[in-house]
Amino acid sequence: MQARLEAFRRGEFQARSTEQRFNRDVAISTMAAEWTTLDPAALAEGAWWSVVLEQLEDGQI
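In structure tokens form, the structure reads like this:
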């Protein structure tokens, strides 16, 4: 850890890209589309996974 701190102080770390590496909304949409294709019953009204997907979309988990 000390070595990393010293390297940081010397300016040896590059600035992070401003490009977003992970887009939660896109990931959830992609997952839902795959689910719908592979197992539509999993997302049927009242199915356990439909509840999980709804919670993901609402930001609860």
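Per numbering that gives the first Met the number 0, the very first residue in the sequence shown carries number 0; after that it's consecutive.
Every residue, glycine too, gets a C-beta built ideally from N, C-alpha and C.
Measure the C-alpha to C-alpha separation of residue i and residue j and round it to an integer number of angstroms.
i: ALA26; j: GLN13; result: 27 angstroms
i: SER28; j: THR17; result: 23 angstroms
i: ASP24; j: GLU56; result: 8 angstroms
i: GLY10; j: GLN54; result: 42 angstroms
i: GLU5; j: GLY58; result: 38 angstroms
i: ALA44; j: ARG3; result: Reading off the sequence shown, one finds Glu at residue 44, where the question assumed Ala. Spanning the two alpha carbons is a distance of roughly 51 angstroms.
Rounded C-beta distance between residue i and residue j? I'm assuming under 8 angstroms.
i: ALA40; j: ALA31; result: ALA40 to ALA31, Cβ: 14 angstroms. No contact.
Using CA coordinates, which residue listed in the options is at the minimum distance from residue i?
i: THR35; options: THR17, GLU56 and TRP48; result: TRP48
Checking 9 angstroms against the spacing of the C-beta atoms, do residue i and residue j come in under that value?
i: LEU42; j: LEU52; result: yes
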